[in-house]
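With our numbering applied, the sequence shown corresponds to residues -18 to 238, in that order.
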Amino acid sequence: MKYTVLTLFPEIINAYFATSISARAIQRGIIDYRAVNIRDYALDKHRTCDDAPYGGGPGMLMLSEPLCRALEAVGIQKLSARPSGPQVIYLTPSGRPFNQDIAKKLAAEQELVLVCGRYEGIDQRVIDLYINDEISIGDYVLASGEVAALALIDATCRLVDKVITAESLDEESFSGGLLEYPQYTRPEIFDTIKVPDVLLSGHHENIRRWRLEKRVEKTLRSRPDLIRTGRELGYFNKETNNVIDRLTMAEGDKENE
Ligand code: SAM
């Protein structure tokens, strides 16, 4: 996987790739990245990259010319001349909402080209000519596309084959339509709270059942929408469905008391 990030602040992207999982994955040759400074492709001596929007209104907009020149410089042609090639994604609050399923699909690509907006965003013509996906990382407005791009990179990078061990991905939140179970590490007692006995028992089957129950309990409480979707899409096996029914009924009984 190679990430190409077009940005006015490459130092933000460089700092991310210099640490932790992503730095190790680069060292091991599993992923690679380049941070391209859009300002290097500005046309005037002041290296201007923004201007006021036509029609008036607050704020500035990123100019199309530097951005399109930067895209062409990294080998991205216009959509009309590009039947295949890397996904070119603009991070924007008006894009489709990012989630774990999209992260999994994008993690299977060979290259992702990410365009980071600033100010009030980018000229619509850049989107029309070059962008084949618009992604939002949530229903709020950030000041910078770099933070959104890094969220997308962070979520996809760990799913790229061999970046982290596959077992740690199987039971985490959103896999199989449920959130993760609570986890504990040493010490056994912390601030009077003891680790649940079952986790100290060494009984693998009981631990598995307890974890499933806790996943369902947490999901019912924090994200009941995931349970509804999971049922509609048939994500859950018989055992999980039974746990959902049992806990939902127990909750209903409590409310009726
Ligand atoms: N005027 C834009 C609007 O109302 O949709 C917001 C622009 S925002 C201040 C500046 C840049 O931050 C955007 O161009 C985009 O790249 C990025 N950004 C902000 N919020 C985002 C979000 N929720 N998801 C993805 N990118 C976002």
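Where a beta carbon is used, it is the ideal one built from N, C-alpha and C, also for glycine.
Practice task
Report buried or exposed for Leu52, applying the criterion of at least 16 other Cβ atoms within 10 angstroms of its Cβ.
Solution key: Numbered from its first residue, the sequence shown carries residue 52 at position 71. That one is buried.
Practice task
Please state whether DSSP places Val122 in a helix, a strand or coil.
Solution key: Position 141 of the sequence shown holds residue 122. Val122: coil per DSSP, three-state reduction.
Exercise for the section: Report the residue ranges of all beta strand (DSSP E) runs contained in full by the region -11 to 67; include only those spanning at least 3 residues, in chain order. Expected result: 13 to 18
Practice task
Using only alpha-carbon positions, find the residue among Leu133, Ala124 and Ala4 that is nearest to Val94.
Solution key: Within the sequence shown, residue 94 is the residue found at index 113, counting from 1. Selected option, being the one with the closest Cα: Leu133.
Handout entry: Nearest-angstrom Cα separation, counted from Thr166 out to Glu90
Key = Residue 90 sits at position 109 when you count from the first residue of the sequence shown. Residue 166 sits at position 185 when you count from the first residue of the sequence shown. Whole-angstrom Cα-Cα distance: 35 Å.
Practice task
Would you decide whether Phe(-2) is buried or exposed? Buried here means 16 or more other CB atoms lie within 10 Å of its CB.
Solution key: In the sequence shown, counting from the first residue as 1, residue -2 sits at position 17. Counting Cβ neighbours within 10 Å, Phe(-2) comes out buried, since at least 16 surround it.
Practice task
Using 6 Å as the cut-off, classify the Cβ of Ile118 as near or not near the heavy atoms of ligand 1, replying yes or no.
Solution key: Translated into the one-based positions of the sequence shown, residue 118 becomes position 137. At least one heavy atom of ligand 1 is nearer than 6 Å to the Cβ of Ile118, so yes.
Problem - DSSP-derived helix/strand/coil call for Asp142 - result: The residue you call residue 142 lines up with position 161 of the sequence shown. Residue state, collapsed to three classes: coil.
Exercise for the section: Spell out the partners DSSP gives Leu(-13) in its beta bridges. Expected result: Locating residue -13 in the sequence shown gives position 6, where the first residue counts as 1. In the DSSP output, where bridge partners are listed per residue, Leu(-13) has Val17 and Val96.
Problem - N- and C-terminal bounds of the beta strand (DSSP E) containing Glu115 - result: Looking up residue 115 in the sequence shown gives position 134. Looking at the DSSP string, the run of the beta strand (DSSP E) that includes Glu115 is Asp114 to Ser117.
Practice task
Identify the continuous alpha helix (DSSP H) that holds His185 and give its terminal residues.
Solution key: Position 204 of the sequence shown holds residue 185. Run containing His185: His185 to Ser203, per the alpha helix (DSSP H) assignment.
Practice task
Report the three-state DSSP secondary structure of Val107 (helix, strand or coil).
Solution key: What you label residue 107 is simply residue 126 of the sequence shown in a count that begins at 1. Reduced to three states, the DSSP call for Val107 is helix.
Problem - Per-residue DSSP class, three states only, for Ser149 - result: Residue 149 sits at position 168 when you count from the first residue of the sequence shown. Ser149: helix per DSSP, three-state reduction.
Practice task
Report whether the distance from the Cβ of Pro74 to the nearest heavy atom of ligand 1 is below 6 Å.
Solution key: Within the sequence shown, the letter at position 93 stands for residue 74. Yes, Cβ of Pro74 sits closer than 6 Å to a heavy atom of ligand 1.
Problem - Span of the alpha helix (DSSP H) around Leu160 - result: The count along the sequence shown starts at 1 and reaches residue 160 at position 179. Unbroken run through Leu160: none, as it is neither H nor E.
Exercise for the section: Could you have a look at Leu72 and say whether DSSP puts it in helix, strand or coil? Expected result: For the purposes of this step, residue 72 is taken as the residue at position 91 of the sequence shown. Note: Leu72 maps to strand in three-state DSSP.
Handout entry: Those residues which DSSP pairs with Phe171 across a bridge
Key = Your numbering for residue 171 matches position 190 in the sequence shown. Its beta-bridge partners are Ile174.
Practice task
Please name the residue, chosen from Asn218, Glu46 and Val(-14), that lies closest to Val96 on a Cα-to-Cα basis.
Solution key: What you label residue 96 is simply residue 115 of the sequence shown in a count that begins at 1. Here the closest residue by C-alpha is Val(-14).
Practice task
Indicate, with yes or no, if ligand 1 has a heavy atom lying under 6 Å from the CB of Glu161.
Solution key: Position 180 of the sequence shown, counted from the start, is the residue given in the question as residue 161. Flag unset: Cβ of Glu161 not near ligand 1.
Exercise for the section: Keeping to the same chain, check which residues put their C-beta closer than 6 Å to that of Gly119; ignore five residues upstream and five downstream. Expected result: In the sequence shown, residue 119 corresponds to position 138, counting from 1. Counting only Cβ-Cβ distances below 6 Å, and skipping sequence neighbours, we find nothing.
Practice task
Please list, in chain order, all residues of the same chain as Cys30 whose beta carbon is under 7 Å from its beta carbon, the five residues on each side excluded.
Solution key: For the purposes of this step, residue 30 is taken as the residue at position 49 of the sequence shown. Cβ neighbours of Cys30 beyond the five flanking positions: Leu(-11), Ile19, Arg20, Ala23, Met43, Leu44 and Pro47.
Problem - Cβ contact (3+ pairs, closer than 8 Å) linking the region 2 to 14 and the region 31 to 38 - result: no
Handout entry: Beta bridge counterpart(s) of Arg77 as assigned by DSSP
Key = As a first step, residue 77 must be located in the sequence shown, where it is residue number 96. The partner list for Arg77 (beta bridge, DSSP) reads Ile116.
Exercise for the section: For Thr229, I'd like the list of residues in its chain whose CB is within less than 8 Å of its CB, leaving aside the five on either flank, ordered along the chain. Expected result: Along the sequence shown, read from residue 1 onward, the residue named residue 229 stands at position 248. Leu201.
Problem - Per-residue burial, Phe171 [other beta carbons within 10 Å of its own, 16 or more giving buried] - result: Indexing the sequence shown from 1 puts residue 171 at position 190. Under this definition Phe171 is an exposed residue.
Handout entry: Gly66 versus Asp114: straight-line alpha-carbon distance, rounded
Key = Counting from one through the sequence shown, the residue named residue 66 turns up at place 85. Counting from one through the sequence shown, the residue named residue 114 turns up at place 133. Answer to the nearest angstrom: the Cα atoms are 13 Å apart.
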